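Line by line, the protein sequences are chains A and B.
Numbering follows my numbering, with no gaps: position 188 of the first sequence is 188.
Going from the second sequence to my numbering is simple: count from 1 and add 419.
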Amino acid sequence: MTQPSRRAALGGIAAAALLPAARGPWFHAKRRPVLRVLGTHVTLQEQIRQRAERDLGIELVFAPGGSAAVLQQASTRPESFDLFEQWSNTIPLLWQAEAIRAVDTTRIERWSKINDVSKKGRVVPSAPIGRGDAPHKVLYVQPNGTLGKTVSSRVSYLPYVHNVDSFGYSSSVVPEGTPYGTESWAWMLDDRWHGRVALVNEPTIGLFDAALAARASGLVEIADIGAMTRSELDALFDLLVAKKRDGHFYGAWQSVPQSVALMKSGEVVIESLFSPGVSALRSAGHAVNYAAPKEGYRAWHGVMCLSSMVSEETEDAAYRYMNWWLSGWPGAVMARQGYYMSVAEPARRYLSADEWDYWYEGQVARSHLPGVEGGTGVSAGSLRRGGSYLSRFSRVAVWNTVMDTYEYSMVKWYEFLTA
Amino acid sequence: MRRRFDRIKVRLRLPRRAFSGLGTKIAFGFAVVLALHIAVAAVGHVGISNARGNLELIDRDRHVNEEMVVIDRLVRELQQHVLLYMFAGHGSLGERVSSLHDELRVRITTATASGINNPDLVAMGAVLARYEDEFALAEDDRTRRDHLLNTLLVNAGARAAAALGALEETASQQRDRRMSLLASRLEREYLNARAEVLEYVHRLDYASVKSAIARLESCQRLLGVRATSDQPVEFDELAALFRDYEKLLHELIRRTRGYLHLGNVVIAGETVELLRLSNRVRERQSEQLDASYASILASQRWFENLSLWVSIVTIIAGLTASTVITKIVVKPLHAIATTFRELAAGNRDVAIPSRERRDEIGAMTRAAAVFKGKNDETAKLLEDTQRSNAELQQFAYVASHDLQEPLRMVASYVQLLEMRYADQLDGAAREYIDFAVDGTVRMKALIDDLLAYSRVGRAERRPVMIELADVVDVACANLRAAIEESGATIIHEQMPTIVADHGQLVQVLQNLLGNALKFRGDVPPEIHVGGREESTRWVLWVRDNGIGIDPDHTERIFTVFQRLHARDEYEGTGIGLAVCRRVVERHGGEVWVESREGFGATFFFSIAKSEDHQATASDANGANPTRAFAPA
């Protein structure tokens, strides 16, 4: 929906004098705008909220929650938020529900700096495009109103945070492998770790970890891992349910703290793991390796979307917030959790050379590197397995995806969970 | 240094002094035994309290275990109902899920509040809270999905079908073949789309609904191409209806995926987590139960052993105390008692034990030694006295007996001289002879009395039951002449029967009555004989109305040959009362007098009762040990 332009309503020299091109100062004559952001704990962190309020002079209301809950709220009640942050696999659903509106790329200052992972699905032209819902497939608003790969000035989301995930393993128990050499998704189904394996409880994520493991083990055949058929799902879940009943899997975790607790306690030695989980385990002194599987990674892309119901005034604040995210400081915060930014260079200004070389260039940490909450997050001498951003994102096997067999996969997932 | 050492020595000595007393030793010994008994009781009490505490813990842990079994069952039932609800969508199933939520929440809260420090229980509460929120979202999606499927899509479909029908009608009326073909094609696409929607609903095959959406979009595209320049209004309306239907379809997909995801993934995950936590709680409670049982057993064994050892120590301490007390108190007391008994029995060779002790027993033994010393002195004095008395008696008997003969010879020959030379003697000679004869008579009387006195001491005492009345009568009979001469009245009370020597008692009464008659005043004597029975003796008295006795002489008159008056005033040798005293003393009694000059005299004497008579009298007299003789 559109709202009458406040600038048009104001008119006059005074109004014009107050309006530089950046749209900043005239807000100070008005009340502080309130921006409501709905999303997950990955990006809705208190230190980011406080810094953004200070830098932007707006009031930010964060509403973090579980993925399912925030998605349901966003898809059914777009009036309850101004900005929505989650993952690219939710874009089709939200777009079809008309819960979000297009983002005008001309209002994104660093749009031209956004890298090709977001725009083209691959970090460099020679890199493969991962299977499934690669972010560029649902980025551009097509002339017919659908979403597609053809470039336009209107996009369904602002690309920003993204990363590749794999599995973590306790290097004190599981013999250390070589990145992209011996480390393999097949380890997750290795009988040596019987009873001490965990998956993430999310079919759009954990299912692909399991599928990658099953395919790497040669136990199932999957033509397109990003679009598994029902029969392929049947075969995969037959295997998983049998393994579960046999006691191979300890269980499925539902939160990053839970994944950390499982490995820290020793109950699990190999599991689906997110980057913050790896950092938390290392900070606690646990010897954990984040594998660089030879089969490639499972990737995900964060999205920041405008609500379809956002007002013009709030929309201005929203664009300022989106631009702020690409300005550098938030990118540095995300980098210290192991995440990458679609526009990385501004973040470099807020990272030390040691930090940049460790997080983005994949080099050995030359000194102790700070963590997100302060303290030491990375010890000197540590190495981020998988190498640089370029190296890691050149090996995307599959993206987090909502397949056409999504509904069916959830029914099968239930069988696996309760087996 | 030396002074410090001396001070230490003094300090060390003090406890010995503090324990020198017998009472202190006994008190200390009993205090130790009492303390040990208290220790046994305390150990027992602590053991029982400990066991009670452990039992309460076990009870609590067992109760929590039982609760966890119930919670397990409820969680599984909850998940079953969630699944059923996801499948069927019935409101009653949703209500059952809510009630199961509530029951679980109460039970988990109760178990958490039971005092068990189990973080898994707390985590279960947090998981259940999320569970409730997530089910509410799933319920919202499921309800909306049903509404979409059963109402909104049906209504939208009906409207679209009606519009299609109207288009066909228009085409038929207008005989517009192209419109008719379009309407047919639209209807075909629309019906296939509806079938694919149903297929999606039943098989959850997104490909079906994707195809349906494609058909609807195709229909909209078809309706966007005007067949003729004057395209009927129905085209736009139908296109809008298809667009609305498609929009509802998208929401159907969204809601279906929503509740499927929440029910099959999120909530199922929470269920698995609840069961895992519940299992851990039960395992931990089982471990705690086992530990509690082991602790109880160990604690019980420990307390048993402690109680046993303390009891043994107490018994040993008690036996030791008993032995020590026997050794240091009982035996010495027994020995001292034996010593005193022996000493009381007159055994002078008895040993005095434990004289070196510094406590009460030592004091008693030293007193026993003094007693023995006194005993020895007394015995020696008694021996000396007895020997002296025997010698005196012997002397008195021999002297009186041997003196009789020469005295008789003197008297006889003086009388012979008077008879033979009567005509040659002048008056002075005859007077001298009278004096000599009188002297011999008096000396004989003295000797007789002395002999009688000595006989009292030598005569064997033969106490028998005697009637005091008879004794009085015999004494009165012996004094008939003096009674008649003095005109005396002798009155006696009803006299009891006593145990005494008859002859000696007659002698006593005869002497007392004789004195009463002799030392009479101006009026005829009135003599009363009476008495009373006491618990240990009889007390008899002879009361007269004679001249009385100066109280200063009431003791002297009982001495041998003591006279208060001149021979020419009252006859007698002055041995009568001494004889009375001797007889009475031999009967275990005493004699005394109460008198004032001019007011008569009352002579008292007591006769001791034998032990049998004392008991008999006590039984007879009951609470009144003293009883006067009844008047005659």
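Yeah, the Cβ is synthetic: ideal placement off N, Cα and C, and Gly gets one too.
Treat the numbers as computed from the prediction; the structure is a model and nothing was measured.
The beta carbon of A/Ala214 sits closer than 8 Å to those of Leu189, Val220, Ile222, Leu236, Leu239 and Leu240, all from its chain and outside the five residues before and after it, given in chain order. Taking B/Asp560 as the centre and dropping the five residues before and after it, the same chain places the C-beta of Arg674, Gly677 and Tyr678 closer than 6 Å to its C-beta, in chain order. For B/Gly950, the enclosing beta strand (DSSP E) has its first and last residue at Glu945 to Glu952. As the crow flies, the alpha-carbon of B/Ile885 is around 29 Å from that of B/Thr973.
The Cβ atoms of B/Gly965 and B/Ala935 sit closer than 8 Å to each other.
Rounded to the nearest angstrom, the gap between the Cα atoms of B/Ala687 and B/Ala545 is 15 Å. Taking 7 Å as the upper bound on Cβ-Cβ separation, chain A lies near residues His669, Glu670, Arg673, Thr675, Arg676, Gly677, Leu679, His680, Leu681, Asn683, Val684, Val685 and Ala687 of the stretch 669-687 of chain B. In its chain, beyond the 5 residues on either side, no residue has a beta carbon closer than 6 Å to the beta carbon of A/Gly57. Neighbours of A/Trp413 in chain B, taken as residues at a C-beta separation under 7 Å, are given in chain order as Asn683 and Val684. When C-beta distances to chain A are compared with 9 Å, every residue of the stretch 469-484 of chain B stays at or above that value. The C-beta of B/His566 has fewer than 16 other C-beta atoms within 10 Å across all chains shown, which makes the residue exposed. Against chain A, the beta carbon of B/Asp560 has neighbours under 8 Å at Gln72, listed in chain order. Contacts between A/Asp404 and chain B, judged by CB atoms closer than 9 Å, involve Asp624, Tyr625, Ala626 and Lys629 in chain order. Neighbours of A/Met410 in chain B, taken as residues at a C-beta separation under 7 Å, are given in chain order as Leu679, His680, Asn683 and Val684. Residue-level contact by beta carbon holds for A/Ser75 and chain B, with a gap shorter than 8 Å.
Taking A/Met309 as the centre and dropping the five residues before and after it, the same chain places the C-beta of Pro78 and Glu79 closer than 6 Å to its C-beta, in chain order. Residues of chain B whose Cβ lies closer than 7 Å to the Cβ of A/Gly251 are, in chain order, Val691 and Arg695.
For the pair A/Ser367 and A/Ala380, the CB atoms are nearer than the 8 Å cut-off. The stretch 50-74 of chain A is shown to contain whole beta strand (DSSP E) runs of 3 or more residues at 59-64, in chain order.
Taking the C-beta atoms as reference points, A/Arg196 is found nearer than 8 Å to A/Val269. Under DSSP, B/Tyr712 forms no beta bridge with any residue. A/Ser352: not part of any beta strand (DSSP E); DSSP gives it neither H nor E.
Interface with chain B (8 Å Cβ-Cβ cutoff): A/Asn201 is included. Short of 8 Å from the beta carbon of B/Phe1023, and not among the five residues preceding or following it, lie these beta carbons of its own chain, in chain order: Val958, Leu959, Trp960, Val1010, Trp1011, Val1012 and Glu1013.
For B/Ala585, same chain residues with a beta-carbon under 8 Å away, outside a window of 5 residues either side, are Glu653 in chain order. For A/Gln96, a Cβ of chain B is located within less than 8 Å of the residue's own Cβ.
For A/Gln86, the three-state secondary structure derived from DSSP is strand. Here the alpha carbon of B/Asp892 sits roughly 20 Å from the alpha carbon of B/Leu996. The stretch 195-210 of chain A makes contact with the stretch 394-407 of chain A, as at least three CB pairs between them are under 8 Å. Rounded to the nearest whole angstrom, the C-alpha separation of A/Ala347 and A/Cys305 is 21 Å. Taking A/Ala227 as reference, the option from A/Glu98, A/Gly132, A/Ser67 and A/Glu271 with the minimal CA-CA separation is A/Gly132. A distance below 6 Å between beta-carbons, with the five flanking residues on each side excluded, links A/Trp193 to the following residues of its chain, in chain order: Val269 and Ile270. At a cut-off of 8 Å between beta-carbon atoms, A/Glu267 makes no contact with chain B. Along the stretch 529-556 of chain B, the positions whose C-beta sits under 8 Å from a C-beta of chain A are Arg549, Asp552, Glu553 and Leu556, read in chain order. Interface annotation for the stretch 224-258 of chain A against chain B: Gly251, Ala252 and Gln254, criterion Cβ-Cβ distance under 7 Å.
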